[in-house]
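Novice: Quick one: structure below, then a few questions.
There are 2 protein chains.
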Amino acid sequence: MFHQHQKIKLALVDDHKLFRKGLKSLIDMLGPQYEVIFEANNGKDLQSLLTPDNSPDIILLDINMPEMDGFSTVKWLSTHFPLIKTLVVSMVEKEETVVSMLKLGVKGYLCKDVEPKELSEALNSVYNKGFYYTDFITGKLLHAIQQDNNGDGYGNGNQSYQLNERERDFLKLACSELTYNEIALQMSLSPKTIDGYRNALFEKLNIKSRVGLALYAVKNGLVHL
Amino acid sequence: MFHQHQKIKLALVDDHKLFRKGLKSLIDMLGPQYEVIFEANNGKDLQSLLTPDNSPDIILLDINMPEMDGFSTVKWLSTHFPLIKTLVVSMVEKEETVVSMLKLGVKGYLCKDVEPKELSEALNSVYNKGFYYTDFITGKLLHAIQQDNNGDGYGNGNQSYQLNERERDFLKLACSELTYNEIALQMSLSPKTIDGYRNALFEKLNIKSRVGLALYAVKNGLVHL
DNA sequence: TAAAAAATAAGGGTTTTTCCTTATTTAAAA
DNA sequence: TTTTAAATAAGGAAAAACCCTTATTTTTTA
């Protein structure tokens with residue numbers, strides 16, 4: 560085993576300081592090969608801290624965060640810092656979320672209830688191999704692919720439940736006590752268009768009611784509680 | 560400063576292993592005066608691990624957990640192990656939740672985004688003084704009291720928004736895609752009674768729509784995502 | 001056990017949500 | 001510049017949600 564010339568630089572992005580500090584503590588215990596160079600509360604915070612001079616090898620990233628969530632952060636990173644590898648650490652286990660994140664190019668996905676041992680495996684794997692694929696991830700992907708093949712009109716290769724910007728905007732507002740008419744006003748759209756968005760989401764997400772929409776939004780970190 | 564004869568025994572109850580391990584790591588760093596004697600995934604898990612021979616001084620308890628949540632756990636502890644002190648560590652910051660927990664007799668309430676320093680202060684305070692009251696807690700209590708005094712018919716001393724068993728049952732079902740009629744069937748009640756429950760909750764919780772109900776339930780850990 | 005309080009239920013009406021189908025406008029691709 | 005595709009919008013109707021008032025039953029309390 561030869562000498563490691565440089566420490567592996569990490570950054571932590573999570574809106575719960577206690578979790579972040581705990582995570583940092585666990586990482587410190589893994590040994591001196593890892594160094595947490597900074598922590599951020601959310602994507603916005605990360606944007607201000609991240610510079611070419613101060614950039615980590617791997618970012619451990621939460622999804623559900625205020626101001627700027629994991630999705631937006633990964634997208635931003637992929638254009639501005641494409642060399643940084645992202646490892647998601649989230650409590651969200653939903654297939655849609657995992658698959659969406661992988662499509663965006665994250666290098667691994669950990670649930671917050673894994674063993675600390677898996678954290679170190681993930682970090683090593685992402686740094687050395689460039690990715691960390693577990694049975695968890697494979698299972699989600701497989702299931703997603705299988706669903707794509709059932710000929711429901713959404714499948715054949717492209718994203719079956721990937722929501723576009725407008726739908727996400729709508730979904731966030733649907734997750735409030737606004738009436739659909741009020742949402743239409745907010746979005747400067749006809750109530751009938753809103754009607755269409757709702758129906759599209761119902762079909763895409765296999766949901767039957769507005770409560771379902773709200774719950775989906777929460778589960779997938781589109782809104783914060 | 561004199562010798563501490565006995566370590567302060569702690570137990571951690573949280574459904575996210577990585578958070579638990581991080582928390583344990585932070586506690587271990589506080590010094591040898593604290594010892595985490597066991598960890599549990601949720602209330603049910605705690606029930607099976609907790610015996611008179613194996614009981615901690617302080618339990619650090621999450622709220623939103625599957626199987627058995629923080630509310631039920633605290634209630635159970637207060638009858639079966641009244642001497643154990645409970646310190647809530649949750650991401651929930653809603654006044655209702657904080658106040659309800661305090662009414663149930665927890666000795667302190669920490670949000671998951673506090674500094675680790677506050678964790679150690681809280682543990683010391685709970686162990687030495689029996690409680691840990693912060694401005695955060697006082698603020699919530701004060702606000703709750705002030706609301707009680709506005710003569711809205713719910714106040715005068717008793718719980719203004721404490722939900723009873725039946726209302727909680729209903730709320731959980733309302734947080735689904737079931738129709739109110741279907742909920743009535745499930746609960747073996749008339750749809751008109753359900754109507755009454757909904758209206759009562761709307762008023763108590765200052766909510767205007769079913770989406771609001773669902774969101775409230777999620778925020779307060781009545782349902783798990 | 002009588003009175004008070006809480007839980008359960010009904011009547012009846014308004015608004016919002018939900019579900020179809022089809023049409024127009026705008027943007028992208030060939 | 002056609003052809004296609006995507007976003008936006010309309011009409012019309014049925015179901016569900018929402019709201020207010022009052023009545024009955026059950027449970028608690030005095």
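These protein sequence lines map, in sequence, to chains P and D. Under the working numbering, the residue at position 30 of the first sequence is numbered 589, and the numbers go up by one with no gaps. Under the working numbering, the residue at position 92 of the second sequence is numbered 651, and the numbers go up by one with no gaps. Idealized CB from N, CA, C, for every residue including glycine.
May I ask which residues mark the beginning and end of the alpha helix (DSSP H) holding D:Val-685?
Specialist: As a working mapping, residue 685 of chain D is identified with position 126 in the second sequence. Taken as a continuous stretch (DSSP letters only), the alpha helix (DSSP H) holding D:Val-685 covers 675 to 688.
Novice: In terms of DSSP beta bridges, what is P:Ala-599 paired with?
Specialist: To locate residue 599 of chain P, count along the first sequence from 1; it is residue 40. Paired residues: P:Val-572.
Novice: Measuring only between beta-carbons, confirm whether P:Leu-784 sits less than 8 Å from chain D.
Specialist: By one-based count along the first sequence, residue 784 of chain P stands at place 225. Answer yes: the Cβ-Cβ gap between P:Leu-784 and chain D drops below 8 Å somewhere.
Novice: Answer with yes or no whether the minimum CB distance from D:Ala-773 to chain P is below 8 Å.
Specialist: Numbered from 1 along the second sequence, position 214 holds the residue referred to as residue 773 of chain D. Cβ-Cβ to chain P under 8 Å: yes for D:Ala-773.
Novice: Helix or strand or just coil, what does DSSP make of P:Thr-645?
Specialist: Taking the first residue of the first sequence as 1, we reach residue 645 of chain P at position 86. Of the three classes helix, strand and coil, the one that applies to P:Thr-645 here is strand, per DSSP.
Novice: Could you work out which residue in P:Glu-677, P:Leu-608, P:Tyr-775, P:Asp-616 is closest to P:Leu-732 when comparing CA atoms only?
Specialist: Residue mapping note: residue 732 of chain P aligns to position 173 of the first sequence, counting from 1. Answer by Cα proximity: P:Tyr-775.
Novice: Which residue comes first and which comes last in the beta strand (DSSP E) that contains P:Leu-744?
Specialist: Translated into positions along the first sequence, residue 744 of chain P becomes position 185. No beta strand (DSSP E) holds P:Leu-744; the alpha helix (DSSP H) holding it covers 739 to 746.
Novice: By Cβ distance, which residues of its chain are closer than 7 Å to D:Val-679, with the 5 residues on each side in sequence left out?
Specialist: As a first step, residue 679 of chain D must be located in the second sequence, where it is residue number 120. It should be pointed out that residue 679 of chain D corresponds to Ser in this sequence rather than to Val. If we look at D:Ser-679 and ignore the five residues flanking it on each side, its Cβ neighbours are Leu-589.
Novice: Give the straight-line distance between the Cα atoms of D:Pro-641 and P:Ser-631, rounded to the nearest whole angstrom.
Specialist: Locating residue 641 of chain D in the second sequence gives position 82, counting from the first residue. Locating residue 631 of chain P in the first sequence gives position 72, counting from the first residue. Approximately 47 Å, taken between the alpha carbons.
Novice: Where D:His-783 and D:Asn-623 are concerned, what is the direct C-alpha to C-alpha distance, given to the nearest angstrom?
Specialist: Position 224 of the second sequence holds residue 783 of chain D. Position 64 of the second sequence holds residue 623 of chain D. Going by the C-alpha atoms only, they are around 7 Å apart.
Novice: How would you call D:Leu-661, buried or exposed, if buried means at least 16 neighbouring beta carbons within 10 angstroms?
Specialist: For this step, residue 661 of chain D is matched to residue 102 along the second sequence. With 16 or more other Cβ atoms within 10 Å, it is buried.
Novice: Taking the beta strand (DSSP E) that D:Leu-669 falls in, what are its first and last residues?
Specialist: Here residue 669 of chain D refers to the residue found at position 110 when the second sequence is read from its first residue. Run containing D:Leu-669: 667 to 670, per the beta strand (DSSP E) assignment.
Novice: Verify the CB distance criterion: does D:Met-660 have a CB-CB separation below 8 Å to chain P?
Specialist: Here residue 660 of chain D refers to the residue found at position 101 of the second sequence. No, its Cβ sits nowhere closer than 8 Å to a Cβ of chain P.
Novice: Is it the case that the Cβ atoms of D:Asp-574 and D:Asn-600 are separated by a distance below 8 Å?
Specialist: By one-based count along the second sequence, residue 574 of chain D stands at place 15. By one-based count along the second sequence, residue 600 of chain D stands at place 41. In this structure, D:Asn-600 lies closer than 8 Å to D:Asp-574 by Cβ.
Novice: Shorter than 8 Å from the beta carbon of D:Ser-749 to some beta carbon of chain P?
Specialist: For the purposes of this step, residue 749 of chain D is taken as the residue at position 190 of the second sequence. Not closer than 8 Å to any Cβ of chain P, the Cβ of D:Ser-749 fails to qualify, so no.
Novice: Find the nearest neighbour of D:Lys-644 within the set D:Val-658, D:Asn-779, D:Tyr-691, D:Lys-676, judged by alpha-carbon distance.
Specialist: Counting from one through the second sequence, the residue named residue 644 of chain D turns up at place 85. It is D:Tyr-691 whose Cα lies nearest to the Cα of D:Lys-644.
Novice: Do P:Leu-609 and P:Leu-646 count as a contact pair if the criterion is CB distance below 8 Å?
Specialist: Mapped onto the first sequence, residue 646 of chain P falls at position 87. Mapped onto the first sequence, residue 609 of chain P falls at position 50. Cβ atoms of P:Leu-646 and P:Leu-609: not closer than 8 Å.
Novice: Check whether the Cβ atoms of P:Glu-598 and P:Leu-571 lie closer than 8 Å to each other.
Specialist: For the purposes of this step, residue 598 of chain P is taken as residue 39 along the first sequence, with counting starting at 1. For the purposes of this step, residue 571 of chain P is taken as residue 12 along the first sequence, with counting starting at 1. Yes.
Novice: Output needed for P:Leu-663: all residues of its chain with C-beta closer than 8 Å, excluding positions within five of it in sequence on either side, in chain order.
Specialist: Along the first sequence, one-based indexing puts residue 663 of chain P at 104. Correct list, in chain order: Phe-630, Val-633, Lys-634, Ser-637.
Novice: From P:Gly-710 to P:Leu-682, what does the alpha carbon distance come to, in whole angstroms?
Specialist: Mapped onto the first sequence, residue 710 of chain P falls at position 151. Mapped onto the first sequence, residue 682 of chain P falls at position 123. With a pLDDT of only 30 at P:Gly-710, under the threshold of 50, the placement of this residue in the model should not be trusted; the figure read from the coordinates follows. Computed Cα separation, rounded: 38 Å.
Novice: Would D:Lys-576 and P:Glu-654 be called neighbours here (beta carbons separated by less than 8 Å)?
Specialist: In the second sequence, residue 576 of chain D corresponds to position 17, counting from 1. In the first sequence, residue 654 of chain P corresponds to position 95, counting from 1. Contact flag unset, no.
Novice: Measure the C-alpha to C-alpha separation of P:Cys-734 and D:Leu-730 and round it to an integer number of angstroms.
Specialist: Against the first sequence, residue 734 of chain P aligns to sequence position 175. Against the second sequence, residue 730 of chain D aligns to sequence position 171. Distance between the alpha carbons of P:Cys-734 and D:Leu-730 is about 17 Å.
Novice: Name the residues in the segment 569 to 587 of chain P whose C-beta lies less than 7 Å from a C-beta of chain D; which are they?
Specialist: So the list reads Asp-574, His-575, Lys-576, Leu-577, Phe-578, Lys-580, Gly-581, Leu-582, Ser-584, Leu-585, given in the order they occur along the chain.
Novice: Beta carbon of D:Phe-578, beta carbon of P:Lys-676: below 8 Å?
Specialist: In the second sequence, residue 578 of chain D corresponds to position 19, counting from 1. In the first sequence, residue 676 of chain P corresponds to position 117, counting from 1. Taking 8 Å as the Cβ cut-off, D:Phe-578 and P:Lys-676 do not qualify as a contacting pair.
Novice: Got a sec? Which residues, its chain only, sit under 7 Å from P:Ser-699 by beta carbon, not counting five neighbours each side?
Specialist: Mapped onto the first sequence, residue 699 of chain P falls at position 140. Checking the displayed sequence, the identity of residue 699 of chain P turns out to be Lys instead of Ser. Once the five neighbours on either side are set aside, the close Cβ partners of P:Lys-699 are Glu-654, Val-657, Val-658.
Novice: Consider the Cβ of D:Thr-656: report whether some Cβ of chain P lies at a distance smaller than 8 Å.
Specialist: Mapped onto the second sequence, residue 656 of chain D falls at position 97. Taking Cβ atoms only, chain P never reaches closer than 8 Å to D:Thr-656, which makes this a no.
Novice: Out of D:Ile-567, D:Asn-758, D:Ser-584, state which residue places its alpha-carbon closest to the alpha-carbon of D:Asn-613.
Specialist: What you label residue 613 of chain D is simply residue 54 of the second sequence in a count that begins at 1. Cα-wise, what sits closest to D:Asn-613 is D:Ile-567.
Novice: With distances taken Cα to Cα, identify the nearest neighbour of P:Lys-603 among P:Pro-625, P:Ser-584, P:Ile-596.
Specialist: Stepping through the first sequence from its first residue, residue 603 of chain P is reached at position 44. Looking at the Cα atoms, P:Pro-625 is the closest of the given residues.
Novice: Is DSSP giving D:Asn-543 helix, strand or coil here?
Specialist: Residue 543 of chain D cannot be examined here, being either before or after the span of chain D that is shown, 560 to 784.
Novice: Report yes if the C-beta distance between P:Ser-584 and D:Leu-585 is below 8 Å; otherwise report no.
Specialist: Within the first sequence, numbered from 1, the residue matching residue 584 of chain P stands at position 25. Within the second sequence, numbered from 1, the residue matching residue 585 of chain D stands at position 26. Going by C-beta atoms, P:Ser-584 is nearer than 8 Å to D:Leu-585.
Novice: Nearest to P:Gln-745 by alpha carbon, out of P:Arg-725, P:Thr-693, P:Val-648, P:Gln-592?
Specialist: Walking along the first sequence from the start, residue 745 of chain P turns up at place 186. For P:Gln-745, the nearest C-alpha among the options comes from P:Arg-725.
Novice: Tell me, which residues are paired with D:Glu-762 by DSSP?
Specialist: By one-based count along the second sequence, residue 762 of chain D stands at place 203. Beta-bridge pairing links D:Glu-762 to no other residue.
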